[in-house]
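J.: The numbering of the sequence shown is full-length UniProt numbering, which starts it at 1 and goes up by one.
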Amino acid sequence: MTALQLSNSKPSSVWRAGDTDKPVPVHPNEALFRPDILDAIERTIEGLDEQLRALSLEIHGHPELGFEEKHTHDVLTAFIAKHGFQVTEHYLLPTAWRAVFKHGSGGRTIGVNSEMDALPALGHACGHNLIAIAGVAVACALKAAMEKFDISGTVELLGTPAEEGLSGKVKLLELGAYRSMDVCLMCHPAPGPKGSASLSSCLAVQRISVEYSGHTAHAALSPHEGINALDAAVLAYNNISALRQQLKPDVRVHGIFEGRDWAVNVIPDNAKYLCYVRASTRAGQEAALKRVMPSFEAAALATGCEVKITIIGGTYDLRQNKALGDELANIMCSRYGTVDYEWGIAGASTDFGNVSYDMPSLHPGFAIPTVENGGNHTPQFAEAAATVEAHGACLDISKALTMTAVRALLDGTFFAEIKKTFEEDKAEREKTL
1 MTALQLSNSK PSSVWRAGDT DKPVPVHPNE ALFRPDILDA IERTIEGLDE
51 QLRALSLEIH GHPELGFEEK HTHDVLTAFI AKHGFQVTEH YLLPTAWRAV
101 FKHGSGGRTI GVNSEMDALP ALGHACGHNL IAIAGVAVAC ALKAAMEKFD
151 ISGTVELLGT PAEEGLSGKV KLLELGAYRS MDVCLMCHPA PGPKGSASLS
201 SCLAVQRISV EYSGHTAHAA LSPHEGINAL DAAVLAYNNI SALRQQLKPD
251 VRVHGIFEGR DWAVNVIPDN AKYLCYVRAS TRAGQEAALK RVMPSFEAAA
301 LATGCEVKIT IIGGTYDLRQ NKALGDELAN IMCSRYGTVD YEWGIAGAST
351 DFGNVSYDMP SLHPGFAIPT VENGGNHTPQ FAEAAATVEA HGACLDISKA
401 LTMTAVRALL DGTFFAEIKK TFEEDKAERE KTL
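This is the structure in structure tokens:
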């Protein structure tokens, strides 16, 4: 998750390493659609269990940063090609890729995403190795179901690089990678109750680079000759700290300092403040950004520095399609566990939010075992992402996502509801922009 920070609201029961009891499933709201197909999906994914586990560990053992996922690109494309997909390597971006399977005549196109990148120093501390194999599992199981039950349609699996702060999916959207899809699906691990999925949203985020330029001087001999760029950056930081009291509760503003060639006895002539502004909706984030921007300019004015403010780019909040979410919840509660709408990635950000603004989309969280204070973006979560328990949870959510996709292909009434709920949500969010 992009610069992920967990929500302050924690689930009532978090799955800690060593837990063995599975929660009692909530009764589904309605009978399952085509349980015979779900049975076949389960057999397909369980038959791939060992291969998927090996693939996950290979990715986990070779963490690569955004747009540098060369090994991960190669092992994923080799795997999916062996399972009968038409693969395009280095698709639109150097480390992105595309795998397509078509069956029958016409039909709808189901998009699936596999994330691939890791974090500096922390490796796969956001579990992208699990997201990668979930995309592969869904694509392979959907292909098998389409062949066995003669379901017309297309599966389009995208290997999406650079989710962590570099918005790889936004770039792929701009390049047309999602243009042919009718719906798009993926999932993400997080701490949560064992055997559960979450259909929470996430925070919209805007990334800003603020560069202050001053003048060097000897810090002891002639400090009066200097213009201190670090002072400007620190003032901006403190300005925002003072502003937080007046920001809405869902707003998050956080950042770090960077500098070149600093020395203790030299007044710094350069400083960079990298800042993220988040809120629960795109409209709220844009309103918060307007409040934050004067803090940067005031710091330059107070110190005599020049300032250059660059909007690096951002991502939107996650719009879970209600029809898709209701179907996934029904499947999960019937066979695999429970569903809620609070934990997951509620306090984080993802470039899949932009995809969800563009088309009907679903991005459930799934719980994996964690230790206390070992949530996403910690070394402990990286360890958790390699456990057998996390792998099992990943396969369960993959089964539910695959069956959701099958219904979108087969059931015209359901697909009409998917489109209807997407348009209703689109109209609602556009009122706020």
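Ideal placement from N, C-alpha and C gives every residue a C-beta, glycine not left out.
Please read these numbers as outputs of a predicted model, since none were measured by experiment.
1) Return the CA-CA distance between HIS73 and GLN320, expressed in angstroms with no decimal places.
2) Which residue wins for smallest C-alpha separation from TYR341, given the options ASP358, SER349, LYS322, ARG335?
3) Using the C-alpha atoms, what's the distance from GLY192 back to ALA81?
4) Less than 7 Å between C-beta atoms, sequence neighbours within five positions excluded: which residues of the same chain meet that for SER56?
5) Please report how far the alpha carbon of PRO294 lies from the alpha carbon of CYS126, in whole angstroms.
6) According to the neighbour-count rule (16 or more other Cβ atoms, all chains shown, within 10 Å of its Cβ), is VAL388 buried or exposed?
7) Is ARG407 buried or exposed, if buried means 16 or more other CB atoms sit within 10 Å of its CB?
8) Under the three-state reduction of DSSP, which class applies to PRO25: helix, strand or coil?
9) Mind checking whether the beta-carbon of PHE33 lies closer than 8 Å to any heavy atom of the ligand HEM?
10) Can you tell which of VAL355, THR350, GLU430 has the C-alpha that lies nearest to the C-alpha of LEU166?
11) Could you check the C-alpha separation between VAL170 and ASP317 for me, to the nearest Å?
12) Here's the rule: buried if 16 or more other CB atoms are within 10 angstroms of the residue's CB, otherwise exposed. What is ALA427?
13) Distance check for GLU423 and GLU417, CA to CA, integer angstroms please.
14) Can you tell me which of the three DSSP states ARG429 falls into?
15) Whose C-beta lies closer than 6 Å to the C-beta of GLU258 among residues of the same chain, with five residues either side of it excluded?
16) Helix, strand or coil, according to DSSP, for LYS420 in the structure here?
17) Can the beta-carbon of VAL355 be found closer than 9 Å to that of LEU173?
18) Leaving aside the five residues before and after VAL205 along the sequence, list all residues of the same chain whose C-beta is less than 8 Å from its C-beta, in chain order.
19) Does the beta-carbon of ALA300 have 16 or more other beta-carbons within 10 angstroms, so that it is buried, or is it exposed?
20) ASP182: buried (16+ other C-beta within 10 angstroms of its C-beta) or exposed?
21) With distance defined between alpha-carbon atoms, name the residue in THR310, PHE85, TYR91, GLN51 nearest to ALA70.
22) Just tell me which of LYS420, PRO249, ILE397 has its CA closest to the CA of GLY135.
23) Would you call ASP261 buried or exposed, if buried means 16 or more other Cβ atoms sit within 10 Å of its Cβ?
24) Note down the Cα distance separating ALA393 from PHE79, rounded to an integer number of angstroms.
25) With H, G and I counted as helix, E and B as strand and the rest as coil, what does DSSP make of HIS83?
26) Pull up the CB-CB distance for ILE45 and ALA141, whole angstroms please, since I reckon it's below 8 Å.
27) Alpha carbon to alpha carbon, how far is LEU76 from GLY107?
28) Within 10 Å of its beta-carbon, does THR310 have 16 or more other beta-carbons around it, so buried, or fewer, so exposed?
29) Label ASP231 either buried or exposed according to how many other C-beta atoms from any shown protein chain fall within 10 Å of its C-beta, with 16 as the threshold for buried.
30) Is it right to say SER361 is buried, meaning 16 or more other beta carbons lie within 10 angstroms of its own, or is it exposed?
31) Mind checking whether GLU115 and THR160 have CB atoms under 9 Å apart?
32) Between which two residues does the beta strand (DSSP E) containing VAL271 stretch?
33) Considering only their Cβ atoms, is the gap separating ALA40 from ALA139 smaller than 9 Å?
34) Please confirm whether ALA233 and VAL210 have their CB atoms less than 9 Å apart.
35) With a threshold of 6 Å on Cβ separation, who are the neighbours of ASN265 within its own chain once the five nearest residues in sequence on each side are excluded?
36) Could you name the residues of the same chain whose beta carbon sits closer than 8 Å to that of LEU175, not counting the 5 residues immediately before and after it, in chain order?
T.: On the basis of the coordinates in this document:
1) 28 Å
2) LYS322
3) 34 Å
4) ASN129, LEU130, ILE133, HIS391
5) 33 Å
6) exposed
7) buried
8) Bear in mind that the predicted position of PRO25 carries a pLDDT of just 41, short of 50, making it unreliable; the figure below should be weighed with that in mind. Residue state, collapsed to three classes: coil.
9) Inclusion of the ligand HEM in the displayed structure is not the case, the ligand content being empty and no account of it being possible.
10) THR350
11) 13 Å
12) exposed
13) 10 Å
14) helix
15) LYS272
16) helix
17) yes
18) THR2, ALA3, TYR276, VAL277, ARG278, GLN285, GLY314, THR315, SER349
19) buried
20) buried
21) The displayed chain sequence assigns Lys, not Ala, to residue 70. The shortest C-alpha separation from LYS70 is found at TYR91.
22) ILE397
23) exposed
24) 21 Å
25) coil
26) 5 Å
27) 26 Å
28) exposed
29) buried
30) buried
31) yes
32) Per the sequence shown, the amino acid found at residue 271 is Ala instead of Val. Note, ALA271: beta strand (DSSP E), 270-279.
33) no
34) yes
35) ALA219
36) LEU92, LEU93
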